[in-house]
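Residue numbers (numbering that gives the first Met the number 0): 0 to 421. These notes are about the structure you will find just below.
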Amino acid sequence: MRIRDWDVNLKIRLFGEAAMNITFWMFFPFLTIYFAEAFGKGTAGFLLVLSQAFSVIANLLGGYSADRFGRKKMMVLSAFGQGICFLIFALTTSPVIGFIAFAFVSFFSSIYWPASQAMVADVVSEKDRSNVFAVFYTSINIAVVVGPLLGAIFYTNYFSELLFICSIICLGLAFTLAKWTTETAPAVSRQKQLDDRWHYFLFKQFKDYGIIFKDKIFMLFMVAGVLASQTFMQLDLLFPLYIKDVVHNQTLLSVGDWAFKVGGEQAFGIVLAFNGLLVAIFTVSVTKWMTKYVERNVFVLSSVMYAISILLFGQTQWIWGLLLAMLIFTFGELMVAGLQQSFISRISPEHMRGQYFAAASLRYTLGKTIAPMTIPLTVWIGYQWTFFVLSLLALTSACLYWLMFSFIQKRKPLYFHSNVTD
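Here it is as structure tokens:
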């Protein structure tokens, strides 16, 4: 399905969200540095945990509200709320007010996500949805490449200006969505939701997550996923602090008498952009490659790659060594990027598939909530030991994946459907 054939709602969103994502990634990866310098690493870590826990509730409410009040209305509200919070952050000189503004940016962002995903499902036929989602996913990864590179240049001297630009773009997106998009939520679904109270929905969601305690296979998948997530969640938490502290005025490229030197935030921006570039280019090809191998081996090796890369990060202060570690890190990320969703669909009973997918998202929700604890951990035991602990968590994840597939092999008829062959 070509972009020119898309529903007008999606065309507007694609370009509006691309601009918003680029500006967002110009400063977001550096916020850990900002808050660590303002509050200290220990306090900053606990505050980031708090803000992510806040976002968990927002995500549940966002899904409910998208059905109850409509996709368009929630997306407009979210974009407007983010714009106002960015503006407050840009104008304040108080780190406390800045953190509160950032927490509410995360809150409104979590509200936006379910509505935006539901809108795609509303207006795109099932056979074309994966292609449309892939385009949005690619645009996000382009932003992850471009944003940190620009942020590395402008963050230090133009932090407030970056926040102000992001505020203008968010407010502009809110206005554009309000004026030129239409509501796509099914009227029947919305009317049904109007008859329910919001706290009933939350209770139902938490009850549905109880399935992870009843299914041993799924429980192992969840725990292994949360442990593995502690590595890749460090991209915008531990990595920026570490690179800022250890990389100082190093030569990245040199030709004759000319040399391009990097350090601190600029070095981190390059390393993060390298990750985004690899993801944007190689996701599809690596996914096709991995489907040729035994699924158990792919999951286990992915976690091992995470463990190796994390150890390398902790052992080097050389910019090219960090890029090599990021190459291994990204390969581990891409190995399972296209396999995990299909795996969930195969281990879940057909009548409970929606609940399984909803519960599976907790891998990232819980992982993102726990991950900021590495920041105070660096104060207590230092960077190298912190990286070592993360490596052990990744190896533990590999062991759990191996155990999980051993259980599946013993009880295969219960967990795989007839369309899956040996």
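For each residue, glycine too, the CB sits at the ideal point set by N, CA and C. Just so you know, these numbers come straight off a predicted model, no measurement behind them.
Residues near residue i in its chain [Cβ-Cβ closer than 6 Å; skip 5 each side]
{"i": "Ala266", "result": "Ile242, Val246, Ile318"}
{"i": "Phe103", "result": "Cys84"}
{"i": "Lys71", "result": "Thr180, Glu182"}
{"i": "Thr230", "result": "Tyr305, Ile309, Leu389, Ala393"}
{"i": "Phe88", "result": "Gly97, Ala100, Leu162"}
{"i": "Ile168", "result": "Ala18, Met19, Thr22"}
{"i": "Val278", "result": "Asn140"}
{"i": "Asn58", "result": "Ser109"}
{"i": "Val131", "result": "Val119, Val123"}
{"i": "Gly114", "result": "Residue identity check: residue 114 is Ala in the sequence provided, not Gly. Closer than 6 Å at the Cβ level, and outside the excluded window around Ala114, lie Ala65, Arg70, Met73, Met74."}
{"i": "Pro94", "result": "Ala37"}
Residue i in three-state terms, based on DSSP
{"i": "Leu236", "result": "coil"}
{"i": "Trp401", "result": "helix"}
{"i": "Ser93", "result": "coil"}
{"i": "Ala184", "result": "coil"}
{"i": "Gly146", "result": "helix"}
{"i": "Asn156", "result": "coil"}
{"i": "Arg12", "result": "helix"}
{"i": "Asp6", "result": "coil"}
{"i": "Gly422", "result": "Only positions 0 to 421 of the chain appear in the structure, and residue 422 is not among them; the question remains open."}
{"i": "Val303", "result": "helix"}
{"i": "Leu370", "result": "One detail in the question is off: residue 370 reads as Ala in this sequence, not Leu. Here Ala370 sits in helix by DSSP."}
{"i": "Val335", "result": "coil"}
{"i": "Arg1", "result": "coil"}
{"i": "Tyr292", "result": "coil"}
{"i": "Val123", "result": "coil"}
{"i": "Lys213", "result": "coil"}
{"i": "Leu365", "result": "helix"}
{"i": "Gln316", "result": "coil"}
{"i": "Gly268", "result": "helix"}
{"i": "Gly255", "result": "coil"}
{"i": "Leu413", "result": "In this predicted model, Leu413 has a pLDDT of only 48, less than 50, meaning its place in the structure is not dependable enough to derive any value."}
{"i": "Gly171", "result": "helix"}
{"i": "Gly381", "result": "coil"}
Buried or exposed by the 16-neighbour rule on C-beta atoms within 10 Å, applied to residue i
{"i": "Tyr63", "result": "buried"}
{"i": "Gly82", "result": "buried"}
{"i": "Gly36", "result": "The sequence shown places Glu at residue 36, not Gly. So Glu36 ends up on the exposed side."}
{"i": "Asp214", "result": "buried"}
{"i": "Thr290", "result": "exposed"}
{"i": "Asn156", "result": "exposed"}
{"i": "Leu193", "result": "Only weak support exists for where Leu193 lies, its pLDDT of 49 falling under 50; the value from the coordinates is given anyway. By the neighbour-count rule (16 or more Cβ atoms within 10 Å), Leu193 is not buried but exposed."}
{"i": "Thr282", "result": "buried"}
{"i": "Val419", "result": "Caution applies to Val419, whose pLDDT of 39 falls short of 50 and renders its modelled position unreliable; the value that the coordinates give is listed next. That one is exposed."}
{"i": "His416", "result": "Confidence is the limiting factor: at His416 the pLDDT is only 42, short of 50, which leaves the residue's position unreliable, though a coordinate-based value still follows. His416 is exposed by the Cβ-count criterion."}
{"i": "Gln408", "result": "exposed"}
{"i": "Asp424", "result": "Since the first residue of the chain shown is 0 and the last is 421, residue 424 is not available in this structure."}
{"i": "Trp379", "result": "exposed"}
{"i": "Trp257", "result": "exposed"}
{"i": "Asp421", "result": "With a pLDDT of 37 at Asp421, under the threshold of 50, the modelled position of that residue is not reliable, and the figure given next carries that caveat. Asp421 is exposed by the Cβ-count criterion."}
{"i": "Trp5", "result": "buried"}
{"i": "Gly313", "result": "buried"}
{"i": "Arg12", "result": "buried"}
{"i": "Pro375", "result": "buried"}
{"i": "Lys432", "result": "Residue coverage of the chain in this structure runs from 0 to 421, which leaves residue 432 outside it and unanswerable."}
Other residues of its chain near residue i: CB distance less than 8 Å, five sequence neighbours each side excluded
{"i": "Ile327", "result": "Met304, Ile307, Ser308, Leu311"}
{"i": "Ser253", "result": "Phe259"}
{"i": "Arg189", "result": "Its pLDDT being 49, under 50, Arg189 is placed unreliably in this model, and the value from its coordinates should be taken loosely. Same-chain partners within the cutoff: Asp66, Arg67, Phe68, Gly69."}
One or two residues paired with residue i in a DSSP bridge
{"i": "Thr42", "result": "BP columns for Thr42 are empty, so no partner."}
{"i": "Lys260", "result": "Thr250"}
Contacts around residue i, its chain only, beta-carbon distance under 7 Å, and the 5 residues preceding and following it disregarded
{"i": "Phe330", "result": "Met304"}
{"i": "Val187", "result": "Interpretation of Val187 is limited by its pLDDT of 48, a score under 50 that renders its predicted location unreliable; no figure is taken from the coordinates."}
{"i": "Leu46", "result": "Phe34, Phe38, Phe98"}
{"i": "Lys367", "result": "Gln51, Met232"}
{"i": "Pro239", "result": "Pro28, Phe29, Thr31, Ile32, Phe267"}
{"i": "Ser54", "result": "Ser105, Phe106, Ser109"}
{"i": "Thr137", "result": "Ala279"}
{"i": "Val48", "result": "Thr368, Pro371, Met372"}
{"i": "Leu365", "result": "Val225"}
{"i": "Val216", "result": "The sequence shown places Ile at residue 216, not Val. Contacts found: Ile346, Met403, Phe406, Ile407, Tyr414."}
is_contact[residue i, chain B] using C-beta, thresh 8 Å
{"i": "Ala142", "result": "This model lacks chain B altogether, as it is built from one protein chain only."}
*Three or more C-beta pairs closer than 8 Å, one from the segment 136 to 156 and one from the segment 92 to 107: is that the case here?*
Put simply, the segment 136 to 156 does not touch the segment 92 to 107. Fewer than three CB pairs are less than 8 Å apart.
_contact_flag[the segment 154 to 170, the segment 18 to 29] where n(CB pairs < 8 Å) is 3 or more_ = Yes: the two stretches touch, three or more of their Cβ pairs being nearer than 8 Å.
_Three or more C-beta pairs under 8 Å: does that hold for the segment 165 to 179 against the segment 73 to 82?_
The answer is yes - the segment 73 to 82 touches the segment 165 to 179, with three or more Cβ pairs under 8 Å.
*State whether the segment 395 to 405 contacts the segment 295 to 304, with contact taken as three or more CB pairs (one from each stretch) at a distance under 8 Å.*
Contact holds: three or more Cβ-Cβ distances are below 8 Å.
*Inspect the CB distances between the segment 368 to 375 and the segment 263 to 278 and report whether three or more fall short of 8 Å.*
The answer is no - the segment 263 to 278 does not touch the segment 368 to 375, with fewer than three Cβ pairs under 8 Å.
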